[in-house]
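Student: Dropping a structure here in structure tokens format, bear with me for questions.
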Amino acid sequence: RKEVEQDPGPFNVPEGATVAFNCTYSNSASQSFFWYRQDCRKEPKLLMSVYSSGNEDGRFTAQLNRASQYISLLIRDSKLSDSATYLCVVRGGSQGNLIFGKGTKLSVKP
Amino acid sequence: SQTIHQWPATLVQPVGSPLSLECTVEGTSNPNLYWYRQAAGRGLQLLFYSVGIGQISSEVPQNLSASRPQDRQFILSSKKLLLSDSGFYLCAWGRTGGFEGYTFGSGTRLTVV
């Protein structure tokens, strides 16, 4: 089982749609969780941390289920500018380094 | 505020040539430093990380090496590049003992021809 697995995508959605990304991780001892956004040919940038109680930042909602080792990201009222690849990230490994999923590409169409 | 600089932005190198990519961080001290590679259509692969000057840990055996000659400087090198070394190389920093995410530099796109 891969350490961090994500929906393969791509997701093609119209503007205004709600889109959900899912992610599972294999190491139950993982300590912290993040969603990153990566635009084409650019570096990944931190979108938001994911807390056990769930957290929201504007149109973005992240949730964590430690029992199921499952992380999600919900984007409401999607915009053209949301088009990017979304990376699920888990702090784990032998040294507590960040482990990245392969990402899910989102294309928001007019 | 903290900033991370990485250069060059793009590089085209022949097979068998040497490589040196540099990364520097400003505005913080004793950062943890990381080199990642992202091959075309693939995820980020951690290559090296460093928790202090002269301390390098390798995650994957490679045709590459890393060095940390100064607290906020991290260098990725190769003596002889292979075609398979092509990719997007990203330097990142994180706080020692922190639980936050990493901040990435803008990356170097390396094409080995």
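So the protein lines, in turn, are chains A and B.
Here my numbering is used: the first residue of the first sequence is 7, the next is one more, and so on.
Here my numbering is used: the first residue of the second sequence is 343, the next is one more, and so on.
Glycine residues also receive a C-beta, built at the ideal position from the N, C-alpha and C atoms.
(1) Could you say which of V114(A), L93(A), P116(A) and K111(A) lies nearest to I105(A) if we only look at CA atoms?
(2) Alpha carbon to alpha carbon, how far is K115(A) from R451(B)? Give it in angstroms, no decimals.
(3) Answer yes or no: does any C-beta atom of chain A fall closer than 8 angstroms to that of Y431(B)?
(4) Straight-line CA distance for S400(B) to Y391(B)?
(5) Within a Cβ cutoff of 6 angstroms, which residues of the same chain sit near S38(A), ignoring the five residues on either side of it in sequence?
(6) Verify the CB distance criterion: does R384(B) have a CB-CB separation below 8 angstroms to chain A?
(7) Anything in the segment 410 to 425 of chain B with a Cβ closer than 7 angstroms to a Cβ of chain A? List those residues in chain order, please.
(8) Whose C-alpha, out of N71(A), N18(A), G60(A) and I81(A), is nearest the C-alpha of S32(A)?
(9) What distance in whole Å lies between the Cβ atoms of G436(B) and P373(B), which are believed to be in contact at a cut-off of 8 angstroms?
(10) On the DSSP bridge list, what partners appear for S59(A)?
(11) Could you say if the segment 16 to 31 of chain A and the segment 71 to 89 of chain A meet the contact criterion of at least three C-beta pairs nearer than 8 angstroms?
Tutor: Taking the geometry as given:
(1) Position 99 of the first sequence holds residue 105(A). Nearest to I105(A) by alpha-carbon distance, out of V114(A), L93(A), P116(A) and K111(A), is L93(A).
(2) One-based indexing of the second sequence puts residue 451(B) at position 109. One-based indexing of the first sequence puts residue 115(A) at position 109. Cα-Cα distance, rounded: 28 angstroms.
(3) Position 89 of the second sequence, counting from 1, holds the residue named residue 431(B). Output row for Y431(B): interface = no.
(4) As a first step, residue 400(B) must be located in the second sequence, where it is residue number 58. As a first step, residue 391(B) must be located in the second sequence, where it is residue number 49. Distance between the alpha carbons of S400(B) and Y391(B): 7 angstroms.
(5) For the purposes of this step, residue 38(A) is taken as the residue at position 32 of the first sequence. The answer, listed in chain order, is R97.
(6) Start at 1 with the first residue of the second sequence, and residue 384(B) comes out as number 42. By this cut-off, R384(B) is an interface position.
(7) Within the segment 410 to 425 of chain B, no residue has a Cβ that lies closer than 7 angstroms to any Cβ of chain A.
(8) Residue numbering aside, residue 32(A) sits at position 26 when the first sequence is read from its first letter. Taking each of N71(A), N18(A), G60(A) and I81(A) in turn and checking the Cα distance to S32(A), the smallest one comes out for N71(A).
(9) Here residue 373(B) corresponds to residue number 31 of the second sequence, with the count starting at 1. Here residue 436(B) corresponds to residue number 94 of the second sequence, with the count starting at 1. Yes, P373(B) and G436(B) are in contact; Cβ-Cβ is about 7 angstroms, under 8 angstroms.
(10) Here residue 59(A) refers to the residue found at position 53 of the first sequence. None, per the DSSP bridge assignment.
(11) Yes: the two stretches touch, three or more of their Cβ pairs being nearer than 8 angstroms.
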